[in-house]
Structures are given as structure tokens and as C-alpha cells.
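Data block below; observations after.
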Amino acid sequence: MTTAVPPLDSPFPERGPKAAAGAATDQAPSTAVTAPRPRWERPAYLALLLGTAALLLWNLSASGYANSFYSAAVQAGSESWKAFFFGSSDAGNSITVDKPPAALWPMALSVRLFGLGSWQILVPQALMGVGTTAVLYAAVRRQFGPAAALLSGAAFALTPVAALMFRFNNPDALLTLLLTVTVYCVLRALDGAHTKWLVLAGAVIGLAFLTKTLQAFVILPPLALLYAVCAPTRLRRRLGQLLLAGLAMVVAGGWWVAIVELWPAGSRPYIGGSQNNSFLELTLGYNGLGRISGDEVGSVGGGARRVGGAGAGGGGGGWGETGIDRLFSANIGGQIAWLLPAALIMLVAGLVITWRARRATDSMESMARAAFLAWGGCLLITGLIFSYMQGIFHEYYTVALAPFAAALVGMGVAVLWEERGGLAASLTLSTTVALTAWWSYVLLGRASGYLPWLRWTVLAAGLLAAAGLLIGSRWRPGSRTGGRLLLGAAALGVGAALAGPLAYCLTTVDSGRSGSIVTAGPAVAGGAGGPGGMRFKRAGAEGFRGGFPGGPQGGTQGAPQGGPQGGGPGGAPQGGQAGAAPGGQGVPGAARSAGGRGARSAMGGPGGGLLNGTKASAEATAALRANAGGYTWAAAAVGAQNAASYQLASGEPVMPIGGFNGSDPSPTLAKFQEYVKAGKIHYFIGQNDGGTGAEGGQGARGGAGGPGGPGGGTSSAISEWVKAGFQATTIGGATFYDLTAPMSGTS
């Protein structure tokens, strides 16, 4: 297409030497950008990284221990190398978290070096966000230049769910970094058919598997197919390289699995989340294919499709309605969808413009096309799985989409800007800016009363920028006025596109987030941002009443936290739910929930919490610490979140009976009785009321009762045995049973 506007700095600088079309070399020359860096690039790149770091580190301690389920495992790993290796919930190594441990390792090492605290746990996560921005920048810059790379990096850093999850201690932060590194390595391998880069990509995917199991493999099909078809070398060599990469993936991800499966079950912790003490069962079931089918034995929904049949409404499962529009819905749109329409348009536009290239050449166009196929393929397959998966789905999972969408936006703007002299390209660019502004207007409008001036400003600025881009591209060639109009319109368009996400990010970092289900930004109409957790429903299951099974109504878990409450690890309030038992992991800056409905914990009462732990009072903490050195576990409690609160407050191991949901068959009643007889457990922490459990025995009620879930009622049996044989006493508002002092006439 012929440019009809004044020449401006191109996002496509001169590249390396091009191989002749159809060359039969085994390794083609690189096509990376070889032009000297513009003087503004290094300062701009540094500003991008420093800005990302500032955003992710600001007010970081307000989240306290964030997800206490993982923080307890980090604390355990910092004290026991065995707990570190297995990812145990407690230093006594009774049970692991329901994920492989790779995401815990950086945090546990940080706590080993600097001590237990909010910053020590969360700073490694924030640094992963900065690292993801840097890798994304490097990947986009190689083929599209610094301007496109800066835009991609900014779009990623200002994605609200990214600003949330890189300040949180869930595995999704490390997973997102590793997925981004994988795409970068595949693109480096494609640019010259380099075996070492493809093998490195396989190894990174293996590490991603040790972070969040099968989700790491979601992007494998498009990337493997892309390399098999497009790598500039012979077919036999391509297939051999893919086999080597697959071997590297198996080794990098399989070594830990092999050790765990071969380790005698009696001398290692129980595999949390499984029903047969098997990591392979966990991987293929509850944490794997079950997430897609909804058949998740042992989860809080516990096999929704078997219990309730088809989900409620529009093919929905137990975790909300599914469908192609799921990512744009009220509760998810504000997390990730700000630039999704633009990314999809840019994917189509980029492929149309670059499709002229032939596979065998390593020209600018062919590598640009490969980049669009790589990032676009990852976005599409991940987005489709998220849209239709029937199992457990949380809004924060969508952080995995953020680098894919951001890369497409930066690359798409670059190629359309290069072709701006053509009517089709200029129309596409201006229409995308207008559509993005309108979509931001819609998303901002979903948060009632949230910065009403901003949505109108964004809409007006976006429409003005779209008009300026269209007019400027049609200006007479050589006009300085036309060039300035284009640059001004482009800057205004970028500002309009990023203003809404920026506001959501600032709202997110301004207050803490804690619990198992967290969201970015303010509360939204019909959704669950801000003070709400995820709303979901399931047909035929009374345990799902607009909230968690048998738990709070209205889905208020993971609410943003209010002002700091102060205190230290001994007993400051946690970011819990307004109206719930004031709770917390007791770290500096942890805070109560602001704006959640008066929700009780999902396990009922002040003694238990499926999604958030409860407050460990100073009296309870002192009791746990007394003579703790004489016991393997200072206490035992049903449910990992409940146990985690007491463990983090006291610094002593607390056994989480039944794992996260209280539904894992660990320990068995006989094993628990054996521990008690041997004097390994000091207290059993119960609750002050019966609570409510999920319908049909799915999930545990926690405390001293509950069905125990699919694990066969193990937690319930243990609770009843303790109640029958040991005297209850109240310590700091919680019910304690001294397991070293049975009632007379019992054994």
C-alpha cells in the first residue's frame, strides 16, 4: 500500500539480512531489528519497567498474607526443606497444597532470607510482573520495533487483573511469566530455526506445569503447529526439533512428579486435592480435565455436572454461565476485556497484511506473520477454554490472557501505522480506537458511581482521536500539519484506550486484596468486582445460593480491604469479610473487608473459613506457642484456610484436616488417633456453631462437624471423635480441645 502521508518514524526499522526465497538452508539468518536504537528508547524502556514496578509495589503490604492458603505453605517451606520440596501446607508435612510447588519456591526462599511477612511473600510476585513486562517488550521489539514494544508493555502492565495477580501469591503470576517466556523462545526459534531456543521453550513449559499443571499445556497446540509449518528449515529437522523440545518439557516437568510418585506414601505428605494420594490423579482430575468437564471430585463444587446436571442458564456450570461472551460479562469484563476487542481486530488485520509472505523466507513479513499466529493462537485457545470450561473458574485466571492481548495490540498498531496511507488500514485503525473508547465507556459504566466523568472523557477523547487518525492519514503528502495531526491523534487514542484500565489498576492497588477469590477494580453491577467475589450458581444444588457452597450469600469472598489495622504476626485482624468473624493472618497492613455483605465463612462460624481464615486471637496464639516444641503440630483444624490463620499467627505447624476444602481423606480417623496417642498434636480447633455445609456432602462444614465431602466423611469422623473424647474450652473466642487430656473413661 502506498503511503500518502508525511514520513514518520516507522515501527518497522531495518532488519537483518534476508534469505533468498525458497533457500534450502538448515538454519536461516535472523530477521531481528538491527537498526541503531533511537535515543529515546532506553529512557522510555526504563520508565516502563520502573512504572510497572511502582504500580505493583505500591501499598503492597495492604494485602497482608493475601491468600493465606499459599502463605502458610510458604511459611512451612521456609522452615522445612521437605515441606519446601513437596509444597506442604505445614512444616509437619501432613498434606500438600492442591498444586505443584514451583510457585511457592521463590516466595519460600524469600521468607527464608528475610523472615516472614507480607512484603517478603509478595515482592517476588511483583518482580515477576516486571519480568513479564520486560520479556514481552523484548519479544515484540525484535520484529516490530521499540514503539510497538512500549505499547505492548504498557497495555500489559495496565491490565487490571495483572495489577492484581502480580501483587498476590497465587500461582498465576509465575505461570503468566513462564507462558510469556515460552512464546518468546518459540519466536526466537522460528527466526532462524534454532534448536536451542525451541528446547528452552519446552523446558519452560515443563516448569510451568510444575506451577499450575495442565493449564501450562493449553498453548502447546498452536505453538507446536506453528513451528511445524513455518520454521525455515526442512520438515524432518522441524519434527526432530519438536521431539527434542517435548523431551525437554517432560524432563523439566516430570522429574518432580517422578520423585513424588516413587516416594513411599507413608513418609511424604498426602497430595492435597486428590482422593487417592496421587499427584497424577490430581493432575488429570480435580486440577486438570475436571476443570473443563466440571467433574471435579473433591472440589468445592465436587462434580457439579453429576449432582446438578447441566448448569443453570445458557450452558452454565457451577461457576457461572459459559459461552463466547463469558470474558466480556459483568464480573470478568473489567478484569481483562478492555483491549480484547482491539486485540482480536489487530490479529485479523495483522494476518491480512502479512499473509503475503511465504513460509520458506525469513523476511520481515513472514516473521511478523509468525508472531501474530503465535500470540493470536495462544489468545484464542486460552480464551475459548476459559469461555466454555464447566469446572472451577475464577476471574483472576484471565491474567494468562494479558500478555497475549497486549502483544497483539502493540504489533497490530505497528503494522496498521506502517500501512496508514491506505484507506483500509486507516479505517481499521480509527475504527479500533473508536470501538475501544466505546467499550471502555461501557465497562466504566458497569461500576455504579465510579468516576462518572472518566467514562465520558474516554469516549469523547477516543472518538476525537479516531477522527484525527482518519483525517490525518488522508492529508496531502509532505504536509507537516498532517504529520502533527496524526501523531497527536495517535497519542490521544492511546491515552483514551488506557485511561479506563489505569483507573481500575489504581483502585486495585489503593486497597488490599485477601482470601481465595479476589478481583480487581471496583464493584460492578451484575458482577463481583471490588467487594465481591465470584457469583455463580448451579442447578439442583441448594448449597449454591449465589455464593460459595454452604457459605456466604452474594459471593463476597476476596473483597478489597479497607484501611490498615496494624499489628503484627501475633494477632492483627485479617482482610476478611464485613460481618464475618474479624479475622486475619495478623500482618502489618492487613485490613478488614470494605463493603462486603455480612458474610460468615464458608465453613460456618468464627472457627472455620473455606475461602478466608479467621482471626487468631492473642490468647489462641499464646496457647499454640506454649510448649509447641514438644509437638509435631501445635494444633489441627478442619480446612486449610482455617488452619493457615492459626499457623501464620503462631508460627507453629497446624494440621489442615481434609486439605483446602476439608474433603480430602487425610488424615484418616485411624491415623489421626495414632497421632494423638503418640502425643504429636496438642490441640484440635473446633468452632462455636454448626455452620452449614454444601448440599449432598460436597465440601466440608469445618470446625467440629460437617460431612467431610467426597473423602468419605473423614473430617466429620475426626471431629465427632474429638468431641466425644475431649473436653472443649474457649480460648480467645475459639473452641479448643486439648488432645493431651482425654476425658475420663475415654481413650
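Just so we're aligned: the sequence shown equals residues 789 to 1535 in the numbering used here.
All residues carry an ideal CB built from backbone N, CA and C; glycine is no exception.
- Thr1518 has Thr1523 as its beta-bridge partners, per DSSP.
- Counting other Cβ atoms within 10 Å of its Cβ, Asp1298 stays below 16 and is therefore classed as exposed.
- Annotated as distal: Leu1457 and Trp1421, with beta-carbon spacing of 8 Å or more.
- For Ala1466, the number of other beta carbons within 10 angstroms of its own is below 16, and it is reported as exposed.
- Taking a cut-off of 8 Å for Cβ pairs, the region 963-971 and the region 1157-1174 touch, as three or more such pairs fall below it.
- Tyr1463: member of the alpha helix (DSSP H) spanning Leu1457 to Lys1465, first to last residue.
- Within the same chain, Val987 come within 6 Å of Leu1032 by CB-CB distance, once the 5 residues on both sides are set aside.
- Spatial neighbours of Leu845 in its own chain (CB-CB distance under 6 Å, excluding positions within 5 residues in sequence) are listed in chain order as Ala914.
- Counting C-beta pairs closer than 8 Å gives three or more between the region 1132-1146 and the region 1211-1223, which meets the contact rule.
- The DSSP-derived three-state label of Phe1472 is strand.
- Annotation: the continuous alpha helix (DSSP H) that includes Ile1124 extends over Ala1118 to Ile1124.
- Taking 8 Å as the cut-off, the Cβ atoms of Val1464 and Leu1412 do not count as close.
- Between the region 878-892 and the region 848-855 there are fewer than three inter-stretch CB-CB distances shorter than 8 Å, so the stretches are not counted as touching.
- Residue pairing for Val1045: DSSP places it in no beta bridge.
- For Val885, there is no enclosing beta strand (DSSP E), as DSSP gives it neither H nor E.
- The region 823-853 contains, as complete alpha helix (DSSP H) runs of 4+ residues, the segments 829-845 (chain order).
- In the three-state DSSP reduction, Ile1180 falls in the coil class, being neither helix nor strand.
- Exposed is the label assigned to Lys984, since fewer than 16 other Cβ atoms lie within 10 Å of its Cβ.
- With at least 16 other beta carbons inside 10 angstroms of its own, Phe874 counts as buried.
- The Cβ-Cβ distance between Leu1196 and Thr1170 does not fall below 8 Å.
- Contact between Gly1288 and Leu1231 is confirmed by a C-beta separation of about 6 Å, below the 8 Å threshold.
- In the DSSP assignment, Val1006 falls outside any beta strand (DSSP E), carrying neither H nor E.
- Within a 10 Å sphere around the beta-carbon of Ala842 sit fewer than 16 other beta-carbons, which makes this residue exposed.
- The C-alpha of Pro1009 lies about 19 Å from the C-alpha of Thr999.
- DSSP, read as helix, strand or coil, puts Met1443 in strand.
- Val862 sits away from Val911, with the two beta carbons spaced by 8 Å or more.
- The region 1204-1214 makes no contact with the region 1228-1247: fewer than 3 CB pairs, one atom from each, lie closer than 8 Å.
- Each residue's CA atom was taken as its position, placing Ser1503 and Ile1445 some 6 Å apart.
- A direct Cα-Cα distance of roughly 39 Å separates Arg930 from Leu1070.
- Assigned with DSSP and collapsed to three states, Tyr1292 falls in helix.
- Under the three-state reduction of DSSP output, Thr1245 falls in the helix class.
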